[in-house]
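Protein chains in written order, with this note's numbering: chain R, 1 to 289; chain X, 1001 to 1242.
In structure tokens form, the structure reads like this:
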């Protein structure tokens, strides 16, 4: 019974791992740039939700409608002033410089967050926050369930955009072969810009959901970047639903091992999984090639 | 007025002259063949015209306006499309989506139902009826060539550059490919062909330019080119008669 309960909680946190990973994998897949500040963008999204709630009592799920566009806008700025200069560089230079930019951003965002929001751990506690659905003796916390469902819906909407919309197809074409894409008339720089901003918005939405279901503090960025990275390696690039499924899997594995081996090994299991997949199936569970 | 004109275009790669001061003109509606041995600069020439590479010197004009140094997507939107020697369809997209990319961003962009209709028409025109929903990665080599062509046509170009369209095809596929090219020609599209299969090139082109080591060494109608001693020499070597 305890095991089942833990596994359910694991799946619920896994959905958010999946959402965080989808954003990272979108930027990495399209720009071929690893944004290690992804978790810190998530942290900022969490704070936007938190302050909207505590200052103006905006419902946290409603506030996502403000979080997504504001982080999207931040993504546009970050791309234009920083990442734009590395995407065209040779592979080696691009990877190195994008890591440097990412780690720099991590420090800046963290310190700004400590400065302005203090280092306290915060979370959004709504009136319905304590409610849970009880099925067969298992309690499913309502907000966490809603978060995972919302995460799934956001990814579904994004997938439809990437399949159907003109710009969505342009982003996918650019991810596949930017040279051919540009010869087909796609302004590749613009496709990079949209993809980066979308990835940032996804991080923001994930952060908002984390602040309701769990808690945020200025230093959670690295942890979430790491989770997103593990999930991206697990699932492989190129599929948003793959990322979501990978997230659920990681959450599930963590919860299971936490219970069987003790909480201390929780993180180790995720990283162990990461290594096993890298060795045995480097393209990821759902990736091709 | 020539549709495309190159004036003394040169390109060097780290000291090697890949294209040496080449001048040539393509008239509207004509089929120009470009031939030459490996490494003679044919593909580099295509890359210069389509904007993938920027020439070190010289001017490229399209419809009278200079396009030298423009980014590839701008050049595409002015009406120049190309196919690739080693075809590169977007493998993760379906055949139809590949074509929709070209339709959405080309010279005369279409969207919505107009784009869908046009995509069906293009699929049919290259012989890919019924394969629209297949991911490009599941298509055969010949079908990928067809798709590459359809995607280039989707940008509704005035000038189409075909880079070794018949490379790696068996005799039957080659004759199919020649049929496709003839139909494009009949529709009034201006074509520039780079091809290794010399007889096919001589048969399809109205005029031929021969490159050797980056320089234009001959130009003229196919019958004259086939007999030109300089051309015979670069392909077969000079034969020392006593």
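Backbone N, C-alpha and C fix where the C-beta goes; we use that ideal spot for every residue, glycine too. Since the structure is predicted, the reported quantities are computational estimates derived from the model, not experimental observations.
Practice task
In the DSSP assignment, find the beta strand (DSSP E) that holds residue 141 of chain R and state where it starts and stops.
Solution key: Looking at the DSSP string, the run of the beta strand (DSSP E) that includes residue 141 of chain R is 138-141.
Practice task
Would you please verify whether the beta carbon of residue 182 of chain R is less than 8 angstroms from any beta carbon of chain X?
Solution key: Answer yes: the Cβ-Cβ gap between residue 182 of chain R and chain X drops below 8 angstroms somewhere.
Exercise for the section: For residue 269 of chain R, decide whether its Cβ has a neighbour in chain X, counting only Cβ atoms nearer than 8 angstroms. Expected result: No - not a single Cβ of chain X is within 8 angstroms of the one on residue 269 of chain R.
Practice task
Could you list which residues in chain R have their beta carbon closer than 8 angstroms to that of residue 1090 of chain X, in chain order?
Solution key: Per Cβ cutoff of 8 angstroms: 172, 173, 176, 177, 180, 181.
Practice task
Classify residue 286 of chain R as helix, strand or coil using the three-state DSSP reduction.
Solution key: In this structure, DSSP gives residue 286 of chain R a state outside helix and strand, which the three-state scheme calls coil.
Exercise for the section: Could you tell me which chain X residues have their CB closer than 9 angstroms to the CB of residue 187 of chain R, listed as they occur along the chain? Expected result: Those within 9 angstroms of residue 187 of chain R in chain X are 1071, 1073, 1074, 1105.
Handout entry: alpha helix (DSSP H) segment containing residue 97 of chain R, residue limits
Key = Here the alpha helix (DSSP H) through residue 97 of chain R covers 91-117.
Exercise for the section: Check each candidate in X:1144, X:1175, X:1193 and name the one with the smallest Cα separation from residue 1030 of chain X. Expected result: Comparing alpha-carbon positions, the option among X:1144, X:1175, X:1193 lying closest to residue 1030 of chain X turns out to be X:1193.
Problem - residue 1213 of chain X (DSSP reduced to helix, strand or coil) - result: Residue 1213 of chain X: coil per DSSP, three-state reduction.
Practice task
Alpha carbon to alpha carbon, how far is residue 1055 of chain X from residue 1009 of chain X? Give it in angstroms, no decimals.
Solution key: As the crow flies, the alpha-carbon of residue 1009 of chain X is around 6 angstroms from that of residue 1055 of chain X.
Exercise for the section: Report the residue from R:35, R:146, R:50 whose alpha carbon sits nearest the alpha carbon of residue 225 of chain R. Expected result: Nearest C-alpha to residue 225 of chain R: R:35.
Exercise for the section: Take residue 1026 of chain X and list the residues in its own chain whose beta-carbon comes closer than 8 angstroms to its own, dropping the five residues that flank it on each side. Expected result: Apart from the 5 residues on each side of it in sequence, residue 1026 of chain X sits with its Cβ closer than 8 angstroms to the Cβ of 1002, 1003, 1004, 1005, 1032, 1159, 1190, 1192 in its chain, given in chain order.
Handout entry: Residues, ordered as in the chain, of the region 1028-1058 of chain X that lie near chain R by beta-carbon distance below 8 angstroms
Key = From the region 1028-1058 of chain X, only 1050, 1051, 1052 have a Cβ closer than 8 angstroms to chain R.
Practice task
Starting from residue 1093 of chain X, find everything on chain R with Cβ-Cβ shorter than 8 angstroms and list it in chain order.
Solution key: Within chain R, the residues near residue 1093 of chain X are 169, 172, 173, 176.
Handout entry: Distance between beta carbons of residue 49 of chain R and residue 124 of chain R, contact taken as under 8 angstroms
Key = With 8 angstroms as the limit, residue 124 of chain R and residue 49 of chain R qualify as a contact, their Cβ atoms being about 6 angstroms apart.
Practice task
Answer yes or no: does any C-beta atom of chain X fall closer than 8 angstroms to that of residue 238 of chain R?
Solution key: With its beta carbon less than 8 angstroms from one in chain X, residue 238 of chain R belongs to the interface.
Exercise for the section: Closer than 7 angstroms by beta-carbon distance: list the chain X residues that pair up with residue 166 of chain R, in chain order. Expected result: Here the neighbours are 1104, 1111.
Practice task
Check the Cβ-Cβ distances between residue 1101 of chain X and every residue of chain R, and say whether any is below 8 angstroms.
Solution key: Cβ-Cβ to chain R under 8 angstroms: yes for residue 1101 of chain X.
Exercise for the section: Measure the C-alpha to C-alpha separation of residue 294 of chain R and residue 232 of chain R and round it to an integer number of angstroms. Expected result: The first residue shown for chain R is 1 and the last is 289, placing residue 294 of chain R beyond what the model contains.
Problem - Neighbour-count burial assignment, residue 1080 of chain X, 16 or more Cβ in a 10 Å radius - result: Buried, because 16 or more other Cβ atoms sit within 10 Å of the Cβ of residue 1080 of chain X.
Handout entry: Residue closest to residue 1215 of chain X, alpha-carbon to alpha-carbon, out of X:1131, X:1058, X:1040
Key = Ranking the options by Cα distance to residue 1215 of chain X, first place goes to X:1040.
Handout entry: Own chain partners of residue 68 of chain R with C-beta closer than 7 angstroms, once the 5 adjacent residues on each side are dropped
Key = So the list reads 201, 204, 205, once near-sequence residues are dropped.
Handout entry: Proximal residues to residue 1061 of chain X (C-beta, below 6 angstroms), its chain only, five neighbours per side dropped
Key = Answer for residue 1061 of chain X: 1005, listed in chain order.
Practice task
Output yes or no for whether 8 angstroms exceeds the beta carbon distance between residue 1148 of chain X and residue 1089 of chain X.
Solution key: Yes, they are a contact pair.
Practice task
Give the straight-line distance between the Cα atoms of residue 1180 of chain X and residue 1154 of chain X, rounded to the nearest whole angstrom.
Solution key: For residue 1180 of chain X and residue 1154 of chain X, the distance between alpha carbons rounds to 15 angstroms.
Problem - CB contact flag (residue 142 of chain R, residue 128 of chain R, <8 angstroms) - result: The beta carbons of residue 142 of chain R and residue 128 of chain R sit closer together than 8 angstroms.
Practice task
Please specify which runs of the alpha helix (DSSP H), each continuous and at least 4 residues long, are wholly inside the region 1165-1204 of chain X, giving them in chain order.
Solution key: Fully enclosed alpha helix (DSSP H) runs of 4 or longer: 1171-1186, 1198-1204.
Handout entry: Nearest-angstrom Cα separation, counted from residue 30 of chain R out to residue 1182 of chain X
Key = The alpha-carbon separation between residue 1182 of chain X and residue 30 of chain R amounts to approximately 38 angstroms.
Practice task
Could you give the DSSP three-state label for residue 70 of chain R: helix, strand or coil?
Solution key: DSSP places residue 70 of chain R in helix when its eight states are reduced to three.
Handout entry: Beta bridge counterpart(s) of residue 1007 of chain X as assigned by DSSP
Key = Paired residue(s): X:1059.
Practice task
Put residue 43 of chain R into one of helix, strand or coil per three-state DSSP.
Solution key: The DSSP-derived three-state label of residue 43 of chain R is helix.
Exercise for the section: Leaving out five residues on either side along the sequence, give the residues of the same chain with a beta carbon under 7 angstroms from the beta carbon of residue 7 of chain R. Expected result: Once the five neighbours on either side are set aside, the close Cβ partners of residue 7 of chain R are 252, 255, 256.
Handout entry: residue 1119 of chain X in three-state terms, based on DSSP
Key = The three-state reading of DSSP puts residue 1119 of chain X in helix, counting H, G and I together.
Practice task
State buried or exposed for residue 1122 of chain X, treating a residue as buried only when at least 16 other CB atoms are found within 10 Å of its CB.
Solution key: Residue 1122 of chain X comes out buried.
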